[in-house]
Amino acid sequence: SDWSSDVCSSDLGPPPSVVIVGSSTVEMGFAPRFLEQDLGLPDGSVYNLAMPGGTPFDALTTYRLSRAKLRGARLLVIGFDDFHTNANYPANSRDRRYATLDERLHDYDAPQRLRLLLGGFWRTSDAQEPLLEFALHLGRPRTKHFPSFPDGRCGLIEEHFAPMHGDIEAATWSGLDQHLRDWQPGEGRFRQLQKLLALAAEDHLSALVVLMPTT
């Protein structure tokens with residue numbers, strides 16, 4: 010289960026003080042080295058484990074997979090985004106890989122539930138997107154370790170967001186079309202957030218849910 014370790018975190022380093030999870034808004038918005046300096050924390054003890062398109066289920070899965078280490082932190086910062094409230098925002102490959110049958114039935118909104126339930130029984134259906142990605146990259150060298158910026162953020166960020174720098178307005182409308190298309194209120198991601206908060210409470214870990222400003 011190394012999907013999270015591919016994003017600058019295969020070696021998590023020293024024990025954590027602060028753990029940050031969420032989408033690209035917190036991936037870009039929190040610079041670990043600066044936080045360590047400002048808060049007087051040990052070098053390398055702030056982990057920014059957020060990822061592009063990250064959801065509360067991604068955050069929950071990241072915590073579950075590395076719970077033995079992350080539970081030792083003092084603070085868990087969870088980024089929540091507007092698109093997490095959209096019942097029509099599609100499930101991603103991590104949802105399809107890691108969600109249990111019970112979670113597929115109860116923790117997702119109706120527009121996503123049927124396909125997720127199908128994939129829970131017929132695993133080949135869930136594997137379509139990863140298999141397509143594998144086929145597209147077949148024969149190409151796969152980098153498992155990425156550089157970090159001096160501020161501790163993942164080196165993937167600059168490449169991932171480079172197209173946005175030229176035309177913020179165009180990028181904004183592109184994001185709206187992608188994230189809020191056919192918007193209708195959903196509660197599935199809130200249930201996943203509640204599960205993560207429950208784990209944090211069980212581990213006596215303070216949690217802070219943030220909604221980052223966006224364009």
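Take 10 as the starting number for the sequence shown in this note's numbering and just add one per residue. Quick reminder that beta carbons are idealized off the backbone N, C-alpha and C, glycines included. The structure displayed is predicted, hence computed values, not measured ones.
Check, Outcome
"Coil, strand or helix - G128 by DSSP", "helix"
"Cβ shell of R149 (< 8 angstroms), same chain only, five flanking positions each side left out", "none"
"Selected residue, minimal CA-CA separation from R113, among G197, S33, P65", "G197"
"Length of the line joining the Cα atoms of P172 and M37", "Note that P172 has pLDDT 48, beneath the 50 cutoff, so the model's placement of it is unreliable and no number is given."
"Length-filtered (4 minimum) alpha helix (DSSP H) runs lying within the region 56–140", "65–74, 76–79, 102–107, 110–115, 119–130, 132–135"
"L206 in three-state terms, based on DSSP", "helix"
"Spatial neighbours of P159 in its chain, beta-carbon cut-off 7 angstroms, leaving aside the 5 residues before and after", "R42"
"Expected contact under 8 angstroms - CB spacing of V218 and I87 to nearest Å", "5 angstroms"
"Where S10 falls, given that 16 or more other Cβ within 10 Å makes a residue buried", "Residue confidence is low: S10 scores 34 on pLDDT, short of 50, so the model does not pin down where it sits. Its coordinate-derived value is still stated next. S10 is exposed by the Cβ-count criterion."
"Extent of the continuous beta strand (DSSP E) to which S215 belongs", "215–219"
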